[in-house]
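Below: the structure, in structure tokens.
In my numbering, the protein residues as written are 1 to 1148.
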């Protein structure tokens, strides 16, 4: 790419007829600004290769003479955008675009002229980011950049990705050296490369509030690109023209991504594009002129007050009421509703007054109004132990009346940041997911403060942690100086304390009351200086003095002794930079060790153990549960006791129950707390270590012993986990989520691996080996139990890939050593099957379940409860996989046996009866389905509360049966009740609640309440994407229902686009033979008939019918309906080949 194609290029200037010396007379002039995509430049992107026609230069001026045409070029090699920092690269180009365009328009004396952007591919992403940047540029120093936002009237998006971008295909094009989408790749495989997705969520979310300010039109590529061995869309239609946007959308017929913007005058889509541009050019001058009047008024008001000038201003465009200034904010009831800080506020916080005032001025001034000119972000950086987290905690506490809510994100890792956001989502009554938490903050209209704590990792992409939109204040603490560039209101370096501040902190922590004599102050200043005026080290020294480990006069002698001792221990790791502060911790530790009490020794063991945990949110319940579970474990027989090596546990877990009790733990932890080695959270249910203390605690362990302590940490953690059984429901979900970060840390330090072994003579050989190698097999048993509990926690928290890894270890070992007929093997297989379902590996999960049923039928009999439960689970799985005939046959057989064996009111019998009712409904046996659900509901309502989860499930199933029978009002009343109760019990964005909302919308659709149904579905789909994923079955189901609503509203084109997008995703995730895909194709055929496209309808029906044979079977009523409709259409077409409209009594 040549240098001339970079930056702003003038393709067409206004002709003399439209150009005057007075800007006021250019009333109808418009700037059209083109921004190309990847693998293109500012000329060839828009030029037809056959003729060289550059339509923006050669055609547009003929039809829109009042338009000046510019093109913006940039380095667009796909490899440049590969890897980390994608959003940062977009931001850099966006700011360049705004600066270059503003400069060009300023020099051309046309600063207020309307702008229409024409964007291709990634160019649209750059423009979105540019407009967000321009919109936030309102302070006096950069207000000139705000002119681009004010002047922009419309945007034409050609194949712009709005969800994510798959760089893998682009890299294939780049490596082939072809930019026109005709890649030839000799020697490459015929399959597409693995996806390399870059998320655009943060940019889309930031642009979302601005969306309604502009006119927009979305175009998507009509043909996939040929990559030489496969064909694929560079930008999927669903991403290029999202259904959630109400703007006009259109395909560029017969064109690939590259060719869609290489227009000729006779191109099929040129007239559509030209008409759109002409319409926008006619409307733009009047609207933009009005905007500029309001902008000037806003600017004049903003400059009346110097404080306003310091904070900047934000004006409102005509199509939206002002929401950038929240007035009457004195309503105290709207303030201080949530306070979640990294630490507990320190009531005796020392110093930093100037810095606290800097933070207050950056975030809270002017005090009279809460200005939302942009999201304000301040970075607090400094060395470890300088007090960054405590500073932000105390600032938040001191100013809590200025905020509605204060929240904290643990940015130690992306996973922990996601967990923190999930907790915010839960606080807001939304789903417990990262996206829900971000959405909750982005939509909050009251002022909030977010503290992003410990954002130290160089791998962390900090902007991804900012909530979308322009609301809120953010404080970031970090040791990484590079992060300060993300502070749009500045950054503050927190270094050493001042001498007087350090003295006051030391003596206050040492509990030496003022007034202080000269000798005390002198000695205190010496200690502070030796400790480098570092807040954490000084506080540790004061704690040691207050606990009488030494006195003020002796402290330096003790300190130097331990510093010398640390240097002599070459095996104990510590960097020279940390040596001083580590020595202060050593002094406290040595005091603990010298006490030689059981309490102090247990405190040391717990300190060693938690050094292999994550440093934050260490629940005391973990240790309490480990003690409880250890005691209730069945005592091993004397033979096993002699053979089995003692499993490594800390002493407090190995002692007899009479020696210790649950409350003893509090006494042990108090030893660490009094020495300031740990800090409690506000509820005293969990504790944390400062990251530097956490690092010291692990570093001080002899390297030769670290593996042992890592194993002790893992064993302690795993002992707190109970697997679900008939006697125990398993781990509490919230505790499981809190255990997860500690489990990740433990497994990183002490991986669990179960080695495969080979023994001749099969099972007989293994039985002999168990006697000869008893200790080895018992150790394998311990490893399997650990792996099972790890897998269980991962499954509980939705980490299915990790769960599958560990549960597979257990399954393979138990199959090899115990055989398929062993109950432990069967439990492992059933657990693995559930995890495989979570991974979308449905066939593998069903295969495991079938094997369990076969084994239990052989060894337990077909009437045993465990056999029947396995059959019921398999029947439900078959139904979920679209194998309706097999599901029906198995569930009918299982229900009959359960009623005979267990009784019709047994808990397990009710479950299988309810599932059978659903399966009967899928066979259109609606009366039988209704009767079955009513039978179950009577028992469940009698024996449980109305909001019981199982009861609500049966009510939901019954409501759907009533819908199928046409009893709409009764169905509506019941499903409304289910929705309200689930919302109250589970939260409004829980998957079960959203499922009920989708079902309720179906009933509204059948009642003809289409607008209400549309609103329900749009809200539900947005929530589903936040709490689940875009490709989750529940989200796709909601999109399918929304397509039906569009069709009944007469919005047939939108219905078709959405239907095709959903079908493509269903085909990928569920398979073309699944009922959901077949049913979707059936509905698509009906939609084509509604559009009088009979041949397209017939094609859709044929695809649907072709796939009914394997899973659904030709015996299913839907298969018969499809076959009948195909025959009817074929007959009509053969009679009248010109037929385009065949009426049938059906409703889409």
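Beta carbons are placed, not taken as given, at the ideal position from N, Cα and C, and that holds for glycine.
Simplified DSSP assignment, three categories, for residue i
{"i": "residue 632", "result": "helix"}
{"i": "residue 394", "result": "helix"}
{"i": "residue 1091", "result": "coil"}
{"i": "residue 138", "result": "coil"}
{"i": "residue 879", "result": "helix"}
{"i": "residue 109", "result": "coil"}
{"i": "residue 405", "result": "strand"}
{"i": "residue 1133", "result": "helix"}
{"i": "residue 715", "result": "helix"}
{"i": "residue 164", "result": "strand"}
{"i": "residue 323", "result": "The pLDDT assigned to residue 323 is 35, lower than 50, so where the model puts this residue is not dependable; a value taken from the coordinates is nonetheless given after this. Three-state DSSP puts residue 323 in coil, outside helix and strand."}
{"i": "residue 235", "result": "coil"}
{"i": "residue 226", "result": "strand"}
{"i": "residue 152", "result": "strand"}
{"i": "residue 1064", "result": "helix"}
{"i": "residue 448", "result": "strand"}
{"i": "residue 752", "result": "coil"}
{"i": "residue 256", "result": "coil"}
Of the residues the options, the one placed nearest residue i, counting alpha carbons only
{"i": "residue 52", "options": "206, 68 and 261", "result": "261"}
{"i": "residue 197", "options": "85, 608, 214 and 1106", "result": "85"}
{"i": "residue 799", "options": "737, 703, 944 and 935", "result": "737"}
{"i": "residue 699", "options": "791, 745, 1092 and 582", "result": "582"}
{"i": "residue 109", "options": "147, 128 and 531", "result": "147"}
{"i": "residue 632", "options": "269, 653 and 615", "result": "653"}
{"i": "residue 226", "options": "176, 208, 801 and 219", "result": "176"}
{"i": "residue 122", "options": "258, 345 and 266", "result": "258"}
{"i": "residue 501", "options": "90, 674, 684 and 528", "result": "528"}
{"i": "residue 152", "options": "139, 142 and 118", "result": "118"}
{"i": "residue 381", "options": "440, 942, 493 and 694", "result": "493"}
{"i": "residue 245", "options": "232, 596, 598 and 219", "result": "219"}
Same chain, Cβ closer than 8 Å to residue i, neighbours up to 5 away in sequence not counted
{"i": "residue 1100", "result": "1081, 1082, 1084, 1085 and 1088"}
{"i": "residue 4", "result": "Confidence at residue 4 is low in this model, with a pLDDT of 44, below 50, so the placement of that residue should be treated as unreliable; the coordinate-derived value is given next. Hits under 8 Å: none found."}
{"i": "residue 1129", "result": "1094, 1097, 1098, 1101 and 1142"}
{"i": "residue 360", "result": "395 and 399"}
Anticipated Cβ contact below 8 Å, residue i with residue j, distance rounded
{"i": "residue 1045", "j": "residue 1013", "result": "5 Å"}
{"i": "residue 408", "j": "residue 342", "result": "5 Å"}
{"i": "residue 1061", "j": "residue 238", "result": "4 Å"}
{"i": "residue 871", "j": "residue 890", "result": "6 Å"}
{"i": "residue 1074", "j": "residue 923", "result": "Actually they are not in contact, since the Cβ atoms of residue 1074 and residue 923 sit about 16 Å apart, beyond 8 Å."}
{"i": "residue 256", "j": "residue 221", "result": "6 Å"}
{"i": "residue 877", "j": "residue 846", "result": "5 Å"}
{"i": "residue 686", "j": "residue 617", "result": "5 Å"}
{"i": "residue 403", "j": "residue 460", "result": "25 Å between Cβ atoms; not a contact."}
Contacts around residue i, its chain only, beta-carbon distance under 6 Å, and the 5 residues preceding and following it disregarded
{"i": "residue 376", "result": "363, 473 and 489"}
{"i": "residue 895", "result": "912, 913 and 916"}
In DSSP terms, what residue i is bridged to
{"i": "residue 119", "result": "35 and 157"}
{"i": "residue 67", "result": "30"}
{"i": "residue 410", "result": "453"}
{"i": "residue 250", "result": "219"}
{"i": "residue 72", "result": "8 and 35"}
{"i": "residue 493", "result": "381"}
{"i": "residue 679", "result": "688"}
{"i": "residue 198", "result": "165"}
Cβ neighbours of residue i in the same chain (closer than 7 Å, five flanking residues each side left out)
{"i": "residue 782", "result": "647"}
{"i": "residue 958", "result": "930, 933, 934, 937 and 974"}
{"i": "residue 820", "result": "851 and 855"}
{"i": "residue 134", "result": "98, 145, 146, 148 and 149"}
{"i": "residue 694", "result": "611 and 615"}
Contact test: residue i Cβ vs the ligand GTP heavy atom, cutoff 7 Å
{"i": "residue 220", "result": "Summarising the ligand content, the structure contains no ligands, and the ligand GTP is consequently not present."}
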